[in-house]
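**Q**
Residue numbers (the numbering used here): 3 to 215.
#1: Relative to the C-alpha of residue 91, which residue among 123, 128 and 23 is closest?
#2: So if DSSP puts residue 26 in a beta bridge, which residue, or which two residues, is it bridged to?
#3: Helix, strand or coil for residue 128? Go by DSSP, reduced to three states.
#4: Taking DSSP as the reference, what is the three-state secondary structure of residue 63?
#5: Going by C-alpha to C-alpha distance, which of 89, 137 and 70 sits closest to residue 50?
#6: State the Cα-Cα distance for the pair residue 31 and residue 38, rounded to the nearest angstrom.
#7: Determine the closest residue to residue 66 out of 157, 191, 200 and 186, with distance taken between C-alpha atoms.
#8: Residue 107 to residue 113, Cα distance in whole Å?
#9: Take residue 43 and list the residues in its own chain whose beta-carbon comes closer than 6 angstroms to its own, dropping the five residues that flank it on each side.
#10: For residue 82, which three-state DSSP category applies?
#11: According to DSSP, is residue 58 helix, strand or coil?
#12: Label residue 123 either buried or exposed according to how many other C-beta atoms from any shown protein chain fall within 10 Å of its C-beta, with 16 as the threshold for buried.
#13: Whose C-alpha, out of 139, 141, 191 and 115, is nearest the C-alpha of residue 212?
#14: Using the C-alpha atoms, what's the distance from residue 145 back to residue 196?
#15: Leaving out the 5 sequence neighbours to the left and right, which residues in its chain are closer than 7 angstroms to residue 101 when beta-carbon positions are compared?
#16: Just reading off the beta strand (DSSP E) that residue 121 is part of, what are its end residues?
#17: If you draw a straight line from the alpha carbon of residue 47 to that of residue 142, how long is it in whole angstroms?
#18: Could you spell out the range, first to last residue, of the alpha helix (DSSP H) harbouring residue 202?
#19: What separation, rounded to the nearest whole angstrom, lies between the Cα atoms of residue 73 and residue 59?
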């Protein structure tokens with residue numbers, strides 16, 4: 003946390019106790035017309051300070067625009083409910099697009115969603131430092147993170163009804179990291195989709211993110 007500019011006080015005396023909790027979810031459908039859904043929420047506390055993080059995003063294989071629009075609309079509504087200036091969703095949507103960019107392929111992982119990290123507090127006008135916002139602001143940040151967690155099923159189940167990697171590889175359990183990949187993932191060398199195909203349309207979106215709502 004200190005490497006990201008967070009003040010943890012005097013850590014020169016050795017190990018510093020901390021607490022952390024996280025929930026991560028990855029759903030892969032056997033139906034190629036249903037996108038992969040990834041989401042998580044997390045909380046980290048150290049030296050009397052705490053930070054929330056999380057997000058949700060889609061990786062489609064065949065692009066159904068209405069599904070993506072509905073997904074983004076749900077998270078825009080969720081963010082707007084906690085921010086009277088309506089600045090959270092554009093910020094978290096852009097953060098998601100940039101965070102899940104794959105430099106080696108010059109593509110984004112999917113059609114995006116939201117991503118946030120190091121969130122201390124929220125007021126009606128948006129993000130605040132915990133010291134500035136006080137207890138109520140920290141409570142609103144927790145409520146926002148809980149709302150993101152509760153949105154997992156409402157954001158994805160409608161798609162079920164409608165349709166009938168730099169990060170993480172440096173350490174940890176390989177099996178846990180790769181659970182976010184499709185069960186039968188494969189890559190064709192120098193593959194170029196047929197012009198005008200649905201695959202080509204999706205690839206264009208992955209290279210240049212779109213504002214869906």
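Heads up, the beta-carbon is just placed ideally off N, CA and C, and yes, glycines get one too.
Just so we're clear, the structure is a prediction, and the values are computed from it rather than from any experiment.
**A** According to the structure data:
#1: For the purposes of this step, residue 91 is taken as the residue at position 89 of the chain shown. Selected option, being the one with the closest Cα: 128.
#2: Mapped onto the chain shown, residue 26 falls at position 24. Its beta-bridge partners are 42.
#3: Looking up residue 128 in the chain shown gives position 126. Of the three classes helix, strand and coil, the one that applies to residue 128 here is strand, per DSSP.
#4: Residue mapping note: residue 63 aligns to position 61 of the chain shown, counting from 1. Reduced to three states, the DSSP call for residue 63 is coil.
#5: Counted from its first residue, the chain shown places residue 50 at position 48. Nearest C-alpha to residue 50: 137.
#6: Locating residue 31 in the chain shown gives position 29, where the first residue counts as 1. Locating residue 38 in the chain shown gives position 36, where the first residue counts as 1. Rounded to whole angstroms, residue 31 to residue 38 spans 7 angstroms at the Cα level.
#7: Here residue 66 refers to the residue found at position 64 of the chain shown. Checking every option, the nearest Cα to that of residue 66 belongs to 200.
#8: The sequence position of residue 107 within the chain shown is 105, counting from 1. The sequence position of residue 113 within the chain shown is 111, counting from 1. Cα to Cα, the separation comes out at about 15 angstroms.
#9: Taking the chain shown and counting its residues from 1, one reaches residue 43 at position 41. Counting only Cβ-Cβ distances below 6 angstroms, and skipping sequence neighbours, we find 25, 56, 147, 150 and 151.
#10: Taking the first residue of the chain shown as 1, we reach residue 82 at position 80. Helix.
#11: On the chain shown, position 56 is the one that residue 58 refers to. In this structure, residue 58 counts as strand in the three-state DSSP scheme.
#12: By one-based count along the chain shown, residue 123 stands at place 121. Residue 123 comes out buried.
#13: For the purposes of this step, residue 212 is taken as residue 210 along the chain shown, with counting starting at 1. Looking at the Cα atoms, 115 is the closest of the given residues.
#14: As a working mapping, residue 196 is identified with position 194 in the chain shown. As a working mapping, residue 145 is identified with position 143 in the chain shown. Spanning the two alpha carbons is a distance of roughly 46 angstroms.
#15: Translated into the one-based positions of the chain shown, residue 101 becomes position 99. Hits under 7 angstroms: 117.
#16: Here the question's residue 121 lines up with position 119 in the chain shown. Per DSSP, residue 121 belongs to the beta strand (DSSP E) from 114 to 121.
#17: One-based indexing of the chain shown puts residue 47 at position 45. One-based indexing of the chain shown puts residue 142 at position 140. In a straight line, the C-alpha of residue 47 is about 16 angstroms away from that of residue 142.
#18: Taking the chain shown and counting its residues from 1, one reaches residue 202 at position 200. Segment 200 to 209, the alpha helix (DSSP H) holding residue 202.
#19: As a position in the chain shown, residue 73 is number 71, starting the count at 1. As a position in the chain shown, residue 59 is number 57, starting the count at 1. Approximately 9 angstroms, taken between the alpha carbons.
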